Every structure is written in structure tokens, then in C-alpha cells.
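This is how it looks when you write it as C-alpha cells:
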């Protein structure tokens with residue numbers, strides 16, 4: 001009989017222990033969330049005799065549209081299967097917020113996809129303060145569709161604010177595909193644009209059928225044959241650090257490394273910060289910063 005390598009045995013044991021550890025955690029999580037929801041919270045009469053601090057199991061099952069036995073087993077941590085649709089119903093009944101809903105999905109071993117309504121359309125002062133503190137490095141906040149949600153002064157020094165497909169947030173892709181190449185700040189567009197479209201296509205997989213996304217793709221395809229061609233290729237990619245070259249009318253070309261940072265509490269949004277890739281680009285970045293400071297002093 002062939003012996004299994006010790007490493008493989010340990011990996012198999014770890015895979016078996018994972019669900020065994022998650023199920024008790026799932027049970028405790030559901031009990032705790034059930035206890036904090038009162039009958040009044042969901043429009044039910046309190047009843048005369050209630051020993052349960054929150055909702056009863058059968059009440060959660062009824063409000064969620066699932067069987068009492070099934071929900072009881074779920075809360076007891078038994079090895080049963082749960083669909084995303086059922087977990088959504090339970091999450092609504094228990095009034096889970098987004099982090100709690102995501103936690104529920106992970107414990108139940110169901111892939112989590114943020115709600116379309118959770119895609120953030122604006123940033124708060126905390127995030128704006130972070131990118132402002134990155135000055136003199138250009139920094140911007142994008143959502144998954146490349147809408148620009150916030151910028152810092154250094155970003156505005158380097159780039160003209162892109163146009164939007166319609167009234168609303170300016171959009172990088174719309175600008176890159178619809179403005180003449182001679183005024184576009186991005187150099188080597190032929191190599192950069194396919195990467196950006198493939199990144200967009202990767203995010204689109206989480207939003208298929210949503211009117212805002214479908215409308216944006218349709219309008220940009222109509223406005224740009226090049227975008228339509230790249231979109232039709234179906235390529236997908238996960239964004240990573242890249243060295244890009246930008247052209248500024250006053251100081252020439254800069255080589256900048258773009259790095260994306262995720263933002264807690266803002267699903268599918270990211271901070272992109274640009275750092276100089278060489279000494280000349282570093283000097284030019286500081287020159288842009290100095291120009292702005294001199295202009296501000298003149299206005300004062």
C-alpha cells in the first residue's frame with residue numbers, strides 16, 4: 001500500500017478541520033444575531049411569555065421563508081448546504097449589515113458577492129484625508145467601473161479631469177477612449193488600454209445584467225470602436241502594480257508605478273497611488289508640486 005506524504009496528510013487534515021471549526025462559529029454567530037432582533041423590530045407582537053431575548057428560531061424561519069427544521073440545523077452547526085438566496089433571506093431577517101453578511105457567507109462556505117447597492121458612489125472625509133496626505137504623490141479613488149470618486153491635488157496637477165459618459169462621476173475609460181490621442185496624458189495606449197478593459201471585464205462578471213453597468217458598456221462601445229473590439233475579446237485580468245508613462249504639457253514625460261490599495265468598507269473601490277519610477281520622474285513630480293505651491297501663493 002502506497003504511503004501518503006506527511007505534508008499531504010496534514011493538508012487533508014486541515015481541510016477536514018476547517019468546516020468543523022466554522023460550523024460552531026456559524027452557530028454562535030446566528031444565535032447572537034437572533035438574540036438582538038426583537039419582535040417589534042420585524043413588526044411582530046411581543047407575546048405574553050417570552051423566555052427568548054430576541055426572535056425564536058421558528059420566527060426567523062418563518063420570516064426568512066425557510067423550514068423550521070432546516071434553520072434549526074443551520075443554527076446548530078450541522079453539515080447542511082445553504083444557497084446564497086437563502087442566506088440573503090436570513091441576513092435580511094436578522095438585519096445584518098454588510099460586514100456581518102459577508103461574515104455569514106464565509107462561515108457558511110458560500111461565495112460572497114456584494115450587493116449592487118453596496119457599490120459606493122462617493123467617499124467620506126477619512127478617505128479623502130488619506131489621499132490628500134499622499135501629496136505630492138498623485139492619488140485617486142476609483143470604483144470597479146473606473147469612475148473617479150476622489151482625487152488629491154497632485155493627481156489634478158498631472159491629469160486633466162476625465163469626462164463622463166453622462167452627468168455624474170468622471171470616468172477614466174470614457175476619457176481614454178473618446179479624447180484624441182494627442183491630448184491624452186497616457187503614453188503607450190496600445191499596451192495599456194487592453195489591460196484596463198480586461199480589468200473592467202473581470203469586475204463586470206459581478207454585475208452582469210445591472211442597468212448601470214450594461215448602459216455604460218453599451219454607450220462606450222457605441223462611442224469607441226476600439227473599446228468595442230477589446231471588450232469583445234473577453235479577456236479578464238486582476239489589476240496589479242504597473243509602470244505607466246504619462247505626458248505633461250509643461251514638464252514632459254514621467255514614468256510612474258501605479259499601486260492599488262483596497263479600502264475597508266468600500267467594496268470594489270480602490271486607492272491608486274502613483275510613485276515615480278526613476279530619478280527624473282521624481283524630480284518632475286516635485287516640480288509639479290512646487291509649481292502648484294507658487295501658484296497658490298500668487299493667488300493669496
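Numbering (our numbering), first residue to last: 1 to 300. Glycine included, C-beta positions come from ideal geometry on N, C-alpha and C. Every value quoted in this text rests on a predicted model; they were computed, and no experiment measured them.
In the three-state reduction of the DSSP assignment, residue 64 falls in the helix class.
Beta-carbon to beta-carbon, residue 155 and residue 140 are separated by about 5 Å, close enough to satisfy the 8 Å threshold. Using a Cβ distance threshold of 7 Å, residue 84 and residue 104 do not count as a contacting pair. By the Cβ criterion, the stretch 234-243 is in contact with the stretch 202-220, since at least three pairs of Cβ atoms, one from each stretch, lie closer than 8 Å. Sequence-distant Cβ neighbours of residue 151 in its own chain, meaning closer than 6 Å and more than five residues away, are 140.
Under the rule that a run must span 3 or more residues, the beta strand (DSSP E) segments found entirely inside the stretch 227-293 read 242-248, 252-262, 270-276. Apart from the 5 residues on each side of it in sequence, residue 132 sits with its Cβ closer than 6 Å to the Cβ of 152 in its chain, given in chain order. Spatial neighbours of residue 281 in its own chain (CB-CB distance under 7 Å, excluding positions within 5 residues in sequence) are listed in chain order as 254, 255, 256. Residue pairing by DSSP places residue 148 opposite 142 in a beta bridge. About 6 Å separates the beta carbon of residue 96 from that of residue 33, a gap short enough to meet the 8 Å contact definition. Cβ-Cβ separation between residue 287 and residue 251: approximately 6 Å, consistent with a contact (criterion under 8 Å).
In the DSSP assignment, residue 194 falls within the alpha helix (DSSP H) that extends over 189-204. Looking only at 70, 224, 101, 82, the smallest Cα-Cα distance to residue 265 is reached by 101. 138 is the residue among 64, 70, 138, 23 whose C-alpha sits nearest the C-alpha of residue 289.
Counting only the Cα atoms, residue 89 lies some 16 Å from residue 107. Residue 75 is positioned such that its CB atom lies no closer than 7 Å to that of residue 68. If you draw a 10 Å sphere on the C-beta of residue 55, you find 16 or more other C-beta atoms in it, and that means buried.
Contact between residue 220 and residue 177 holds: their C-beta atoms lie close to 6 Å from each other, under 8 Å. Cβ atoms of residue 244 and residue 186 come within 8 Å of each other, at about 7 Å.
As DSSP reads the structure, residue 186 sits in a beta bridge with 246. CA-CA distance, residue 71 to residue 61, rounds to 6 Å. Exclusion of the five residues before and after residue 35 leaves 53, 54 as the residues of its chain whose Cβ lies within less than 7 Å of its Cβ. Distance from residue 42 to residue 63 at the Cβ level is roughly 6 Å; contact confirmed, criterion being Cβ atoms closer than 8 Å. Less than 7 Å divides the Cβ of residue 77 from the Cβ of residue 27.
Put simply, the backbone Cα of residue 246 is about 30 Å away from that of residue 214.
The C-beta of residue 276 has 16 or more other C-beta atoms within 10 Å across all chains shown, which makes the residue buried.
Each residue's CA atom was taken as its position, placing residue 224 and residue 217 some 10 Å apart.
Taking C-beta atoms as the reference points, residue 157 and residue 283 fail to come closer than 7 Å. Relative to the Cα of residue 136, the nearest Cα in the group 285, 209, 198 belongs to 285. Residue 270 is a Cβ neighbour of residue 260, given a cutoff of 7 Å.
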